[in-house]
Structures are given as C-alpha cells and as structure tokens.
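Number of protein chains: 2
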Amino acid sequence: MTELKLHPLRINADRLNQRIEQLAQIGALQGGGVCRLALSDEDRAGRDLVCGWMDELGLDVSIDKIGNVVGLRRGELSGPPVMTGSHIDTVATGGPYDGNLGVLAGLEVVQCLNEAGITTRHPLAVAFFTNEEGARFAPDMMGSGVHQGSMDLDAMLAVTGIDGKTVGAELDRIGYSGDAATGDYRARNYVELHIEQGPVLEQCDLQVGAVNGVQGISWTEFTIRGQSNHAGTTPMEFRHDPGYVAARISVKARRLAGKIGQGQVATVGQIKLNPNLVNVIPREAIITVDLRNMDEALLQQAEHQLSRFVEQVASEEGVTINARKLARFEPVHFDPAMTQRVQQFAELFDYSCQQMPSGAGHDAQMFAPNCPTTMIFVPSQGGISHNIREYTSPQQIERGANVLLQTLLYCANQEQN
Amino acid sequence: MTELKLHPLRINADRLNQRIEQLAQIGALQGGGVCRLALSDEDRAGRDLVCGWMDELGLDVSIDKIGNVVGLRRGELSGPPVMTGSHIDTVATGGPYDGNLGVLAGLEVVQCLNEAGITTRHPLAVAFFTNEEGARFAPDMMGSGVHQGSMDLDAMLAVTGIDGKTVGAELDRIGYSGDAATGDYRARNYVELHIEQGPVLEQCDLQVGAVNGVQGISWTEFTIRGQSNHAGTTPMEFRHDPGYVAARISVKARRLAGKIGQGQVATVGQIKLNPNLVNVIPREAIITVDLRNMDEALLQQAEHQLSRFVEQVASEEGVTINARKLARFEPVHFDPAMTQRVQQFAELFDYSCQQMPSGAGHDAQMFAPNCPTTMIFVPSQGGISHNIREYTSPQQIERGANVLLQTLLYCANQEQN
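Here the protein sequences come in this chain order: L and B.
Take the first sequence: its position 362, counted from the start at 1, is 362 in this note's numbering, and no numbers get skipped.
Take the second sequence: its position 251, counted from the start at 1, is 1251 in this note's numbering, and no numbers get skipped.
Have a look at this one:
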C-alpha cells in the first residue's frame, strides 16, 4: 500500500451548503424541517432538482426499475464505478441533512473534479436510492436493497404504503420508474457521507467518524397480562401486576447493557399500561426493548439473558408474557481497510476522528456484502435527527465532504487489482 | 358491657334482593351494569323509588340542602338516631350493589322491625347521601361531607360537574334541594353495610369484614424530564432516560411496600412516556404512585422513603423530577368497640369474619370524627367493583344485612349514657 497523501483539491463548502438549502425548500415545513416522503409529489420535485444538477455536471443519468438514480462520471477505464450516494426522501418531520448531505456532497466532489479537469482511473458514480426512510413504505433501505440484490424487485414494487398506494404505481405516477436493471449492479467501492444522527461525535468532541459498520438490531415487544384490581383494597401478596413486571424488565435492560458492555445498548422506549389509572393495578402492560450491538454473539447473549429474566419474573409475579419480535437484523461490518483510510484522511486534515459503529441503518449496508464499503459521519447537533431541529454546521459538513473527496479520489485512482 | 346475644329477628333476603334488582333497573346499561350519575334524571328516578319505599315503611322523610335524604323511625326516646345508610349514585359503568346495598339493607332492617312491632329505645335513621362517587361532581363523599360539617354547603352547591352544570342547579332541577339544615346533624352511631370492592374477603375465604377504618391515601405524580435520543446511537453512559427512572420508581414502590409491611400498599397504575417510540429514548415520563396505609406514621414513612429514592435516582441519571401531590388523606379510624361488636355478631352467626381496613373511601368516614362509627363488608366477586361485572351473591348479602340488623338493634337499644 502506498503511503496516503492528501490531494490538494478541496470542496467548495458554500456551493454544497447552497445546494442543501435549495433542496430543503422542497417539502419545507412551516416552522422548519422538511417533509419529502418517498415517491410523493415533493419527492418528485426533489428528484427533478437533483437530476437537473447531475445533467449540468455532465453525469450520465440512469434510472432503474425501483427508481434509484445513478449519475455516472466516466473514468480512464471502464468497469465498476467507485460509488457514493445516499437518499433524498425524508421522514414526515425530517431535517435538511439526513440523506441529502451524502448525495449533494457526491455532486460537489464531481464538480470539483470537473473544474480541476481531473479524470479518475475508474468511473465515479453518485446515486440516490428510493425510499431509504421507510416512512411511507416498509421496509426501509428499499432502493439500495433492490439495487444490490438483497430485496426482490417485484415484491418491493407491490408494497402498499401507509396511504394505500403501491410503490410501483407511485413510481409510475411521478415518472421515476426507469429501465435500468436492478439486483446485479456492482460497484468497485461504496463510500457514504452521512450525519451521525446520534450524540457520540459531539459529546466526544470529534469532528469526523470513520464508520466501521452498522449495529445489529433486536426489537422485542412484550405483552404482559396480569390481574387488574383496586390499588387500595388489594394486599401486595395478592397482586399480579403487569406494570411492575414491565418496570422490572426496563431496569433489567439497563443493567444488562452495563454488564455486557462492549457497545451493547438497550432501550425501553415504549410502555403502555391498561387501563392506566392512578388507583387501578393494570391488567396489561406492553413494553418494547431495543437491543443493539456490533457483535452478533454479544447481541444474542443480551437477547438470551433478557428472555430468561422475563420468564423468571413472569413466574414470580404470576403473569403471562407474550414476546413478539418486531425487528431483527444482524450487525453489518464495513471493510476495515476502507474505514482505516477514512480515518487516515481525516487525521491528515488534523480533524479529530475515531472509528465508530452506526446505530442506524443506511444504504451503505446493502453494499457491504458486495464491495468494500464504509461511511463517513459528521456530528449532529444534540444528537438530534428525524426531527425538524436536525442541524450540522457548514464547517462540519465541509470537513466530512473533504474526507469524502479524498477517499473517493483515492479509490478511483487505485491500481486495478 | 352486657354479654352480646343474637336477637331472634332475621332479615328477609328475598325482599332485600328484590329491592336491589328493582333499583338497578333505573339507569340499567345494555349488557349489564348501571349508570346513575349523581343528580341526573336516573338519580332522580332512583331517589323517587327509594323515597317511595321510605314512605311505605312509615319513615319520616327529610331532604337537606345538599339533597341528602334521611328516613327517620321514631324510638322510645328522642335524641340523635342510630344511623345507617350509604348512597344510590353510581359511576358511569357501575354495578347494582355499590352504595345501594347499604341503603336498601337499612330499609330492610326497618321493615323487619315494623313487622315484628319493635320500637327501639333510640330513633333509627336510614339515609342516602348525595354524590358519594364523585364521578360527575368532585369531590366524592360530598353529601355526607356537608351533612357532617366537614365540607362547606355553599362551596359544594357551586361545584361544576363534568358536563358544566352545578350541583345547586341540578338539585333544583331534579327537585331534591331540600330545607333541612346541614353541617350539625348528630347521629348516635353510624353503621354502614357495603360491598368490599376488593379481593380480600374472597381470597381469605371470609364471609364478613368488620371494618376498622379507611386507609390513608397518598397519590403523587412524578414528571421526569431527561434527554430524548436515538436508541441505537446513544451510548449507555450518555443517557438521561426518564423512562428508566420511572421504572426504578415503580420497582422501588413495590419493594417499599414489602419492607414496611403492616398493610402498606403501593401501586404504580399510570405511566406515560413521551414520545413513546420503540427506538427513541423518551424525553419525558409521567408516573403516579398510590400509597395507602391505616397507620399515618407508616404512610409518612413510605412517602419519605420514596421521595428520598426519587431524588437519589434523579441525580444519578441526570434528569429533573417534578412531584405533584394528586391526593392526600389521613387514615380514618373507626370506633374499636363498634367494630368489635360487628365482629362478635358475625361470629355469633358462625360467619367467618375478620377486622380489616377499607381501601376505598365511604360516607362512613365523614361520621367517624363525630360519633362511634363502623362498617360491615361483604365479599365482591373477583374483587371487582366500579364495573358492570360487580357481583355479590344473595347469600353474602343476607349475612351482611343480618349483621347490620343485629348491630343497629344493639345500638338502638343501648342504655343512654
């Protein structure tokens, strides 16, 4: 491996931030934030804007059968491109950066290369993928999943959204049902810039995160049924209180995460008691536990210990518990060399940087099984995302985009091997 | 004290149960249960029915300014009557027994005495009190509170109900705004028969409860504010999770009750997380804790230990907690000799009986400061009350009413002292 050096080229931060602001006008919410649900009229307008920019930059734009848009920039050689991108759909109350940053930073990299008259050895592609958020149509990461062959095209086209319309019909309606094939698109590498959507960078005073993978996720909903009764007249020894059992599970989840350590997180975000009255022992409690870890074995250990605890406490309290898996994804590991390269470029810039996992899912994880993949994170103010208050400063964006430029240039100029 | 003996007189269980069934027709709900909210048209019809029975039994009926109805049966002596009674208003989905049993058993006692030609030494009174439930107008136990001088008549007449109407206007409308004075009515004794509304008698295989008082009640609502964040991207050490703190409080409440013992109960009936999503650490949790004990010192100990714990866990987790007292009533102690008498009569009948506190509030507690007072409990099937499935069998009612008859006869024939 040759020694890594910074290329003198730098991105134009003002231009990038102007594009981010311009795209955020489409679907802008009163009071701030953006609503651009996948395949909505707003999504179409956003797509049209970005496709126009791709055209202006001389990219060869293709649209595939699930509506993914890829803008290709020729290299000296043909063959699979070095790819970057993300998504431009948002949740119903989203911000300007989630997804959009990665796509528009890719365009900024292309414009820099164009202006500097640089032709890379390998082609370079900037893509945006359909319905990453999953806010209108489940599952999320749909476009990249179909693109990389891990989701079935026809099944995804048939998916019905929260408003009763299908992906296929909505693609047709907005004019983004393309001809390009899906499922066997091969990239040489994939690198995605994204806001962290969490508090780690900010709280650890880091400027850039070199993302080494995506945490495995296990969501379980426990429905606990006991015996409703009067809070005053029911002695403690006669109680079968599902609310108490839910509380025990919540406390256990926290302790489990602490005991396992090594990046294990556990969250009880949802509790519902029925009937939920001050003076009535509930008859039912519904509680969710969200467990995540980069290490599948540790994640399984957490699941196992939790379910053993749940059985034990249910038996002690005389309640019944029904467990339902709401979601289960294994961890995704990015290419260590790619992640290392991101970290090295960041350090050559003197940006504070550490390797870290992503707590959220991203399009990049669909590429990880098929080509060397990594991601670059920049801080989210207050760790806030999927929220109209989502914010990342122009300086933070500039740093991330410069690391993206260096990484893409490096990958696109590598010897073919 | 003379040795206690059973009087040969017995109540007529069929007649009593027929009256209960007949009253339950008024405001009967489709599918079972009764809705006879205080001062509604249904309440008026129920009042008219009971007043008609009082007239038939030769009672001297008076109505006071808060709508309480007292039917007086003369004794050999004048002076304060030995009193029994309860209420005939119900919650919106109530049953046939709560309150009604005590009033109609009182009438049954009068009818037995009439038929046996017995004149007691002291007068006997059967009353029903306005708005015991508090379901339409707060506070509950309003009629008995005004009757015994612990609530202000004018303030209560001005109370606005859930439908925007006032107690005073509704009393006028249904024709139950009477002339009798309130606030200084003195009874010689007060004895109230009521369903337990809890599971203790059934679960302990007891037929009658001799009620020694009403538990003190302490309701606190804790509003816990932390920092909302992403469940995946927020390491455990950065969390300020109000849901976790709520769970700790819930578990502590249970342990506190176990440690204090001596009848201490603690219930978390209400938890609300915001935003209550599986993958979001909540920003806010609202939780209520219901503490009850017959012993004011122990109840204060429970409150104190809980609030110390809440402070400690809030500081550990870095959240703020706002505590709001929703209700606080000191325990009410009934007259030990009266309660003892109830137990003795039950045992002379060979009914299984124990002394026990009431977990719910009753009209009797308004009399307790002013005259020797007690209550008689009969079992509630499944501990269920304030529910259309409320049920107490005719045999159980017969036992309770016979104990009431004996106790009233005993009190009404006591030497004046």
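Every residue gets a Cβ at the ideal spot worked out from N, C-alpha and C, and that includes glycine.
Everything numeric in this text was worked out from a predicted model, so none of it was measured.
In DSSP terms, what His333 of chain L is bridged to: L:Gly213
Check whether the Cβ atoms of Val342 of chain L and Val403 of chain L lie closer than 8 Å to each other. yes
Below 7 Å between beta carbons is the criterion; list the residues of the region 1240 to 1272 of chain B that meet it against any residue of chain L, in chain order. Gly1243, Tyr1244, Ala1247, Arg1248, Ser1250, Val1251, Arg1254, Ala1257, Gly1258, Val1265, Thr1267, Val1268, Gly1269, Gln1270, Ile1271
In the DSSP output, which residue or residues are listed as bridge partners for Ser62 of chain L? L:Val70
Give a yes or no on whether the C-beta atoms belonging to Gln197 of chain L and Ser385 of chain L are separated by under 8 Å. yes
Which residues does DSSP list as the beta-bridge partners of Gln355 of chain L? L:Ala210
When you compare the region 253 to 260 of chain L with the region 1233 to 1247 of chain B, are there three or more beta-carbon pairs, one atom per stretch, that lie closer than 8 Å? yes
For Thr288 of chain L, tell me which candidate among B:Asn1276, B:Val1289, B:Ile1286, B:Thr1182 has the shortest Cα-Cα distance. B:Asn1276
Let me know the secondary structure DSSP gives Gly1052 of chain B once reduced to three states. helix
Do Asp335 of chain L and His455 of chain L come within 8 Å of each other at the CB atom, strictly closer than that value? Lying before the first or after the last residue shown, residue 455 of chain L is absent from chain L, which here runs from 1 to 417.
For Ser1315 of chain B, does the count of other Cβ atoms within 10 angstroms reach 16, so buried, or fall short, so exposed? exposed
Excluding the 5 residues preceding and the 5 following Thr1221 of chain B in the sequence, name in chain order all residues of the same chain whose CB lies nearer than 7 Å to its CB. First, the residue type needs correcting, since residue 1221 of chain B is Glu and not Thr in the sequence shown. So the list reads Ile1286, Thr1288, Arg1324, Leu1326, once near-sequence residues are dropped.
Selected residue, minimal CA-CA separation from Phe129 of chain L, among L:Ser62, L:Ala158, L:Gly94: L:Ser62
Ala1297 of chain B: buried (16+ other C-beta within 10 angstroms of its C-beta) or exposed? exposed
Is the shortest distance between the beta-carbon of Glu1196 of chain B and the beta-carbons of chain C less than 8 Å? This model lacks chain C altogether, as its protein chains are L and B.
Closer than 7 Å: Gly1361 of chain B CB and nearest the ligand NAD heavy atom: With respect to the ligand NAD, the structure offers nothing, as it holds no ligand at all.
For the region 1212 to 1226 of chain B against the region 1107 to 1116 of chain B, do three or more pairs of beta-carbon atoms, one drawn from each stretch, fall closer than 8 Å, so that the two count as touching? no
Round the Cβ separation of Met1141 of chain B and Ile1066 of chain B to the nearest angstrom and send it over; I've been treating them as touching at under 8 Å. Incorrect: roughly 11 Å between the Cβ atoms, too far for contact.
Counting only C-beta atoms, is Asp1205 of chain B closer than 8 Å to chain L at any point? no
Selected residue, minimal CA-CA separation from Ala1187 of chain B, among B:Gly1258, B:His1122, B:Ile1281, B:Leu1153: B:His1122
Quick one: what's got a C-beta closer than 6 Å to Ser1358 of chain B's C-beta in the same chain, skipping five residues either side? Val1211, Val1214
Buried or exposed (CB count within 10 angstroms, at least 16 for buried), Arg328 of chain L: exposed
Hey, is Arg1188 of chain B's beta-carbon within less than 8 Å of any beta-carbon in chain L? no
Please name the residue in L:Leu6, L:Asp98, L:Val208, L:Val91 whose C-alpha comes closest to that of Ala135 of chain L. L:Val91
Could you name each continuous alpha helix (DSSP H) segment of 4 residues or more that falls completely within the region 300 to 349 of chain L, going from the start of the chain to the end? 336 to 348
Tell me which residues share the same chain as Leu16 of chain L and place their Cβ nearer than 7 Å to its Cβ, disregarding the 5 neighbours each side in the sequence. Leu104, Ala105, Glu108, Ile397, Ala401
For the region 271 to 288 of chain L, which residues have a CB atom closer than 7 Å to at least one CB atom of chain B, in sequence order? Ile271, Leu273, Asn276, Leu277, Val278, Asn279, Val280, Ile281, Pro282, Thr288
Using DSSP bridges, identify the partner residues of Gly1175 of chain B. According to DSSP, Gly1175 of chain B bridges with nothing at all.
Should Ile162 of chain L go down as buried or exposed, given a rule of 16 or more other Cβ atoms within 10 Å for buried? exposed
What did DSSP end up calling His147 of chain L once you bin it into helix, strand or coil? helix
Rounding to the nearest angstrom, what Cα-Cα distance links Ala302 of chain L and Ala138 of chain L in this structure? 27 Å
Check Lys1272 of chain B in the structure and name its three-state DSSP category. strand
Can the beta-carbon of Asn1293 of chain B be found less than 8 Å from the beta-carbon of Gly1232 of chain B? no
Which residues in chain B sit within 7 Å of Asn229 of chain L, going by Cβ to Cβ distance? Pro1199, Gly1383
Entirely enclosed beta strand (DSSP E) segments - the region 1109 to 1146 of chain B, minimum 3 residues: 1124 to 1128
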